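The C-terminal position of the sequence shown is numbered 246 in the UniProt record's numbering, with every residue numbered one higher than the one before it.
We treat Cβ as the ideally placed atom computed from N, Cα and C, and that holds for glycine.
Treat the numbers as computed from the prediction; the structure is a model and nothing was measured.
Quick notes on the structure that follows.
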Amino acid sequence: FQPPKLKGDVDIFCWRCHKDGSSIISCRICPRVFHTRCARLETPPSNDWICHECATVLRAENAETRSEALKSLSIEQFSKLLRFVIQRMRYHDGSAHFDSPVDLKEYPQYRDFVIKPIDLTMLENNIKNLMYGSTEAFLADTKWLVHNSIIFNSVHSELTTFARALVKIAKQETEEIENCPDCYKHAHTLKENLWFIEPCRRPHILVWAKLKGFPYWPGKVMRSVGNTVDVRFFGDHNRCVTRNQV
């Protein structure tokens, strides 16, 4: 089986299922395309349609709707935090496969199928050039690692497994930034025994919480959503997501 080749400046492989086919719709902003059903639309949209990835980024970078965590940061400060994310991604096994652009001399057909090449060095350069104004924008680019690997290497390739792991790390790290950018900075710039007790600009509520089978232990609240509270314990910094029983 020979998959179809790219013909223009938009993708031909669905962003959600990574397959080609009919009923493909394209985003007005980015090169992503979707099957109508994969975009969860009953009928094809207008030519001004914006995909969910771009819509999420636009909301995240709007001054009125951006997250409280990022409102407290300049783009320069935020970019410094994203550099730590890239560092963590590079620590993972298999990251070397995605550290630099694909060698087109070795794989001359790569650009016949991949509309937007991405690698860790490219992400790092984008960070240095202050191109990301939100965690969502950074993640939207990072997800191309998985999409491209599925298209070129197959969904079951070991490289695709590595790519998924890198995106998972990026999601975890950016979630930590959203929880508390000060804590994230302290964790990467202060000594191991000091960063967790360093005061943040937005004070954390101190609590006693417990994991099942363990006694109550002091910790600080990182985030509270609905009736659940994300707590990190003093000492080993273990995480506990528990019900709010205050």
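Continuous beta strand (DSSP E) stretch holding residue i: start and end
i           : result
residue 230 : 228-233
residue 37  : No beta strand (DSSP E) contains residue 37, which DSSP labels as neither H nor E.
residue 218 : 217-225
residue 208 : 206-209
residue 26  : 24-26
Alpha-carbon to alpha-carbon, residue j and residue i
i           : j           : result
residue 195 : residue 183 : 7 Å
residue 198 : residue 72  : 17 Å
residue 117 : residue 223 : 35 Å
residue 147 : residue 105 : 22 Å
residue 204 : residue 179 : 11 Å
residue 161 : residue 97  : 11 Å
residue 56  : residue 136 : 7 Å
residue 58  : residue 66  : 9 Å
residue 38  : residue 213 : 43 Å
When the options are compared against residue i, the one with the closest alpha-carbon
i           : options            : result
residue 107 : 153, 192, 29       : 153
residue 93  : 186, 166, 3        : 166
residue 68  : 177, 235, 227, 79  : 177
residue 189 : 60, 57, 83, 74     : 83
residue 48  : 58, 26, 63, 42     : 26
residue 120 : 130, 100, 110, 134 : 100
residue 209 : 37, 234, 64        : 234
residue 217 : 226, 134, 227, 231 : 231
residue 122 : 133, 109, 102, 225 : 102
Run of the alpha helix (DSSP H) containing residue i, from where it starts to where it stops
i           : result
residue 58  : 52-61
residue 144 : 144-153
residue 183 : 181-189
residue 65  : Careful: residue 65 lies outside any alpha helix (DSSP H) and carries neither H nor E.
residue 198 : Premise fails: residue 198 is in no alpha helix (DSSP H) and is neither H nor E.
residue 82  : 75-91
residue 125 : 120-128
Identity of the residues DSSP links to residue i by a beta bridge
i          : result
residue 30 : Note: residue 30 sits in no beta bridge, so no partner.
residue 14 : 33
Sequence-distant residues of the same chain with beta carbon closer than 7 Å to residue i, five excluded per side
i           : result
residue 114 : 148, 151, 152
residue 35  : 14, 17, 21, 23, 24
residue 187 : 195
residue 29  : 50, 54
residue 247 : One cannot answer for residue 247 here, as it falls past the ends of the chain, which runs 1 to 246.
Same chain, Cβ closer than 8 Å to residue i, neighbours up to 5 away in sequence not counted
i           : result
residue 170 : 85, 89, 138, 139, 142
residue 127 : 79, 82, 83, 86, 138
Neighbourhood of residue i by C-beta distance below 6 Å, restricted to the same chain and skipping five residues each side
i           : result
residue 130 : 75, 79
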